[in-house]
Amino acid sequence: LTQRIAGEGAAAWDIHYRALALQAEGEDVIILSVGDPDFATPTPIVDSAVDSLRAGATHYADVQGKARLRELIAHHHRQTGGAPATHADNVAVLAGAQCGLYAVAQCVLDPGDEVIVPEPMYVTYEAALQAAGATLVRVPLRSANAFQPDPADFAAAVTPRTRAMLLNSPHNPTGQVFTQSHWEALATLCREHDLWLLSDAVYAELIHDGEPFSPDSLPGMRERTVIVNSLSKSHAMTGWRLGWVIGPEPLIQHLTHLALCMLYGCPDFIQDAACEALANPPAALAEMRHAYRTRRDTVLEALADSPNVEALCPAAGMFMMIDIRRTGLSAQAFANRLLDEQGVSALAGDAFGPSAAGFVRLSLTVDTERLREACRRLARCADECRATVEA
Ligand code: PMP
Ligand code: GLN
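Using the UniProt record's numbering, read the sequence shown as starting at 6 and increasing by one per residue.
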């Protein structure tokens, strides 16, 4: 077997599978370990897929993506802070953002290239970049700085081999959002050193306050920015595997050649459903966004008086980081105890990188009542751990 598909990525979810097994055995487990929306895909989108299937959309589809869908994606991008000149030829449709990231890495990276990635980072980045032969250069996002980037750290990480930066805002796992001045500073670095800016925007629609921002809207950035996005989180469509890449036309053509030999186009009826999702945004989308915000506030309130845990307030998304350092345990040891003794599953921050050691990540994917119960259990677990340490 090759060494290229390395990385700890898959192991991060071991605890999640353990939690699912316990639940299947009838245990009262609250599963907060995976970022999969607990909402159903909005009905008009499902209906549209069914109608399309019945109408015979069961054959190969346009490999780059159906023209109407690419137009709708370009329009959506322009409406959500993207470069005003974005058009359908700047778009390739792929099977989810993950597939998009992997494909982009294959198209812009050569063996030996370095990619600067803020850490903590989404767990699959390492394998996706290494599969292209590239090396990750990790730049820490410091918890003392609420996991916000310090552009000086990025500047210090640039070498003659640097080919790209891979940025993710809103960020998984911290839920933090880059400010416009962060983007401007990082974009300047990309221009100065002739780097690609790869932007993973899968949580862009789940910002609680403020407007979405896309770095390709900055001067001189359109030709070097690649946006990866999907319907997975914004539309509760993780299982549909529908995502896209937006970038300069030559890259999109290159990507389409790769898609031809890798995927041969996303299913036609799913592309039709994606058209419906983007052409007529269902009211349910705003409701979901509102629910994530309410759940965030529920956790903040429920843990406010707990002496041994501290919740970091995310500006976006469906995750929260909980600082458990006062318990004296590693995040993995704490997560294990939380599951074994209290029946709550969370991911240890270390899975995303050393800068998140001492934190666990909660997914806000249960209703507020269950979330309150999860917080009670979490606080209890932290108190018991702390008591053990002090004894
Ligand atoms: N990037 C990040 C930061 C993610 O959290 C995820 C997981 N949803 C993905 C990419 C992959 O998303 P998709 O389901 O569209 O492949
Ligand atoms: N992106 C999601 C998370 O961070 C889920 C991805 C997965 O199931 N592997 O939890």
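Think of the CB as a built atom: it goes at the ideal place given N, C-alpha and C, for glycine as much as any other residue.
With 16 other Cβ atoms within 10 Å as the buried cut-off, status of residue i
| i | result |
| --- | --- |
| residue 302 | exposed |
| residue 10 | exposed |
| residue 60 | exposed |
| residue 285 | exposed |
| residue 154 | buried |
| residue 17 | buried |
| residue 130 | buried |
| residue 368 | buried |
| residue 84 | exposed |
| residue 244 | exposed |
| residue 64 | exposed |
| residue 150 | exposed |
| residue 55 | exposed |
Presumed contact (8 angstroms Cβ cut-off) between residue i and residue j, rounded CB distance
| i | j | result |
| --- | --- | --- |
| residue 125 | residue 354 | 6 angstroms |
| residue 232 | residue 206 | 6 angstroms |
| residue 342 | residue 313 | Contact doesn't hold; Cβ gap of about 13 angstroms is too wide. |
| residue 349 | residue 383 | 6 angstroms |
| residue 100 | residue 246 | 4 angstroms |
| residue 26 | residue 273 | Their Cβ separation, rounded to whole angstroms, is 37 angstroms, which puts residue 26 and residue 273 out of contact at 8 angstroms. |
| residue 321 | residue 213 | 6 angstroms |
| residue 257 | residue 94 | 7 angstroms |
| residue 137 | residue 111 | 5 angstroms |
| residue 363 | residue 336 | 6 angstroms |
Collapsed DSSP secondary structure at residue i in the structure displayed
| i | result |
| --- | --- |
| residue 177 | coil |
| residue 101 | helix |
| residue 1 | Limits of the chain in this structure are 6 at one end and 396 at the other, which puts residue 1 out of reach. |
| residue 35 | strand |
| residue 6 | coil |
| residue 317 | coil |
| residue 93 | helix |
| residue 167 | strand |
| residue 113 | helix |
| residue 311 | coil |
| residue 366 | strand |
| residue 142 | strand |
| residue 257 | helix |
Identified DSSP bridge partners for residue i
| i | result |
| --- | --- |
| residue 234 | 249 |
| residue 122 | 143 |
| residue 67 | The partner list for residue 67 (beta bridge, DSSP) is empty, contrary to what the question assumes. |
- Closer than 5 angstroms is what we want: which residues have a beta carbon that near any heavy atom of the ligand GLN? List them in chain order. My final list is 39, 40.
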